[in-house]
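Remarks on the structure that follows.
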Amino acid sequence: MMKKLLVVLGLMLFFAGSAFAWSTPRWTVFPLNVYIEDDENSAPVQQAFLDWQTSAKKVNPFIRFDIKDGPRGLRKSQIDVRFVSGAQPNGQYYTISSNSLTDGFSLIRNTTGFFYHVSITISKADSSGKPLSRSKIHSIALQAVGRSLGVNCIGAPNAAMSCNTTYDINSVTLQDLNALKNVYSYVRNHK
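Residue numbers (numbering that gives the first Met the number 0): 0 to 190.
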């Protein structure tokens with residue numbers, strides 16, 4: 000009876016670990032070309048990309064972004080950012096859609112795939128139509144950029160990647176970097 004219980008527990012732990020390892024697509028090549036739609040809110044969004052790039056040097060020095068503009072920049076971008084005047088249909092301040100190659104394997108870790116394009120749409124106003132401040136848009140963009148890197152929501156309440164809807168964190172925190180490290184760090188298979 001005890002052996003069966005241990006086998007069942009072992010299988011549960013194995014599959015739970017496998018599910019985590021296969022949970023998020025990621026990028027395979029940096030720098031990423033980023034197109035940000037020309038708008039009065041472009042500067043705080045560009046700053047969010049630069050904040051992630053600067054902070055990520057502590058975890059992975061290869062994570063970099065090249066900001067592109069114009070029609071050619073849009074055609075060559077791996078990440079594009081656009082703005083909408085009202086709130087998103089789902090009530091969120093941003094939406095992300097991604098295209099990824101599935102069934103991926105890398106030397107970093109097994110993954111559900113690799114991103115090849117991510118589109119971010121950021122609202123410029125809340126649901127009542129009141130324009131969002133530049134600080135709020137920067138905070139929203141910090142979370143959107145993290146998600147575009149493959150970082151999921153984390154449980155730390157004072158982190159940019161905490162998926163609460165207050166959007167009051169304006170810097171990449173240590174908890175955010177640890178979540179990024181989980182996505183891009185090398186995991187050795189122990190046998």
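Glycine included, C-beta positions come from ideal geometry on N, C-alpha and C.
*Among ASP125, TYR183 and GLN174, nearest to ASN89 - alpha-carbon criterion*: ASP125
*Apply the 10 Å Cβ neighbour rule to THR60 and answer buried if 16 or more other Cβ atoms are within range, or exposed otherwise.*
The displayed chain sequence assigns Pro, not Thr, to residue 60. Exposed: under 16 other Cβ atoms inside 10 Å.
_Residue(s) in a DSSP beta bridge with ASP79_ = TYR34 and SER118
*Thinking just about the alpha-carbon of each residue, which of THR94, GLN46, LYS123 and CYS162 is nearest to the one in SER170?*
GLN46
_C-alpha gap between VAL144 and ARG25, whole angstroms_ = 12 Å
*C-alpha gap between ILE35 and GLY69, whole angstroms*: 9 Å
*So SER118 packs on ASP79, CB below 8 Å; how close in whole Å?*
5 Å
*Kindly identify the DSSP beta-bridge partner or partners of THR94.*
THR120
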